[in-house]
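**Student:**
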Amino acid sequence: MTKADLQLLLPALRRFAYSLTGSRADADDLTQNTLVRLLDHPTPDGVPAAQWAFRICRNLWIDEYRARRVRQTAQPQIEYETLTETDGEAQLLNDIQLTQVGKALDTLPPEQREVLSLVAVEGMSYQEAASVLAIPAGTIMSRLARARLAIANKLKLPGGLTCN
Numbered sequence: 001m002t003k004a005d006l007q008l009l010l011p012a013l014r015r016f017a018y019s020l021t022g023s024r025a026d027a028d029d030l031t032q033n034t035l036v037r038l039l040d041h042p043t044p045d046g047v048p049a050a051q052w053a054f055r056i057c058r059n060l061w062i063d064e065y066r067a068r069r070v071r072q073t074a075q076p077q078i079e080y081e082t083l084t085e086t087d088g089e090a091q092l093l094n095d096i097q098l099t100q101v102g103k104a105l106d107t108l109p110p111e112q113r114e115v116l117s118l119v120a121v122e123g124m125s126y127q128e129a130a131s132v133l134a135i136p137a138g139t140i141m142s143r144l145a146r147a148r149l150a151i152a153n154k155l156k157l158p159g160g161l162t163c164n
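Each residue of the sequence shown is one higher than the one before, starting from 1 at the first, in full-length UniProt numbering.
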């Protein structure tokens with residue numbers, strides 16, 4: 001993987017790392033560890049670079065998560081921030097909505113959160129997400145449907161979410 005490839009992939013990789021960790025600092029660490037691993041281990045032939053990078057990122061997070069559980073450390077708290085500043089009332093409404101969505105996401109199991117992140121945030125197809133997570137595409141669709149329904153119920157939205 002070239003430096004240019006990594007630069008193009010970096011924003012999506014950071015978002016994915018944040019969706020896994022829930023913490024900006026942990027996401028930055030996970031992203032850095034992923035980049036080191038990508039530079040040390042070339043992408044296998046026939047595997048798209050982005051899918052390989054997301055798979056490495058997820059596997060590194062699983063390793064870290066397990067290590068944290070063994071050490072019995074506290075779970076990281078999610079930091080919420082908006083990308084742009086707006087005036088008073090609009091900013092307050094954005095903050096409230098962002099907090100509500102974040103709390104709804106917190107209630108999802110990790111498997112649903114990572115699928116939602118890959119499909120809804122990163123725009124991957126079901127097949128691409130299935131390849132990254134090494135699970136069947138049907139499982140992706142099922143987890144995504146359950147995640148959408150859970151968030152819709154938590155936020156009291158009619159008919160669920162549409163992310164594609």
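Even glycine gets a Cβ: it sits at the ideal position worked out from N, Cα and C.
On the criterion of 16 or more Cβ atoms from any shown chain inside 10 Å, does glutamine 112 qualify as buried, or is it exposed?
**Tutor:** Within the sequence shown, numbered from 1, the residue matching residue 112 stands at position 112. Around the C-beta of glutamine 112, 16 or more other C-beta atoms lie within 10 Å, and the residue is accordingly described as buried.
**Student:** Give the range of the alpha helix (DSSP H) segment to which lysine 156 is assigned.
**Tutor:** Indexing the sequence shown from 1 puts residue 156 at position 156. Taken as a continuous stretch (DSSP letters only), lysine 156 belongs to no alpha helix (DSSP H), as it is neither H nor E.
**Student:** For isoleucine 56, which of Ala90, Arg143, Arg14, Leu93 has the nearest alpha-carbon?
**Tutor:** In the sequence shown, residue 56 corresponds to position 56, counting from 1. With distances taken between Cα atoms, isoleucine 56 lies closest to Arg14.
**Student:** For the region 93 to 137, list the alpha helix (DSSP H) runs that are entirely contained and at least 4 residues long, ordered along the chain.
**Tutor:** 110 to 116, 126 to 133
**Student:** Does threonine 21 pass the burial test, meaning 16 or more other C-beta atoms within 10 Å, or should it be called exposed?
**Tutor:** As a position in the sequence shown, residue 21 is number 21, starting the count at 1. Around the beta carbon of threonine 21, a 10 Å sphere encloses 16 or more other beta carbons of the protein chains shown; the residue is thus reported as buried.
**Student:** Can you give me the C-alpha to C-alpha distance between cysteine 163 and alanine 147, rounded to a whole angstrom?
**Tutor:** The residue given as residue 163 occupies position 163 in the sequence shown. The residue given as residue 147 occupies position 147 in the sequence shown. Caution applies to cysteine 163, whose pLDDT of 47 falls short of 50 and renders its modelled position unreliable; the model cannot decide the point.
**Student:** Can you grab the Cα-Cα spacing for the pair leucine 118 / arginine 37, in whole Å?
**Tutor:** The residue given as residue 118 occupies position 118 in the sequence shown. The residue given as residue 37 occupies position 37 in the sequence shown. Approximately 20 Å, taken between the alpha carbons.
**Student:** Keeping to the same chain, check which residues put their C-beta closer than 7 Å to that of tyrosine 18; ignore five residues upstream and five downstream.
**Tutor:** Sequence index remark: in the sequence shown, residue 18 carries index 18 (1-based). Arg24, Ala27, listed in sequence order.
**Student:** Since alanine 23 is in the alpha helix (DSSP H), which residue starts that stretch and which ends it?
**Tutor:** Along the sequence shown, read from residue 1 onward, the residue named residue 23 stands at position 23. The residue asked about is misnamed: residue 23 is serine in this sequence, not alanine. Counting along the chain, serine 23 falls outside any alpha helix (DSSP H), and DSSP gives it neither H nor E.
**Student:** If we ignore side chains and look at the alpha-carbon of each, how far apart do glutamate 128 and leucine 93 end up?
**Tutor:** Position 128 of the sequence shown holds residue 128. Position 93 of the sequence shown holds residue 93. Cα-Cα distance, rounded: 35 Å.
**Student:** Restricting to Cα atoms, I'd like to know which of Ala49, Asp29, Asp45 is closest to glutamine 7.
**Tutor:** Here the question's residue 7 lines up with position 7 in the sequence shown. Selected option, being the one with the closest Cα: Ala49.
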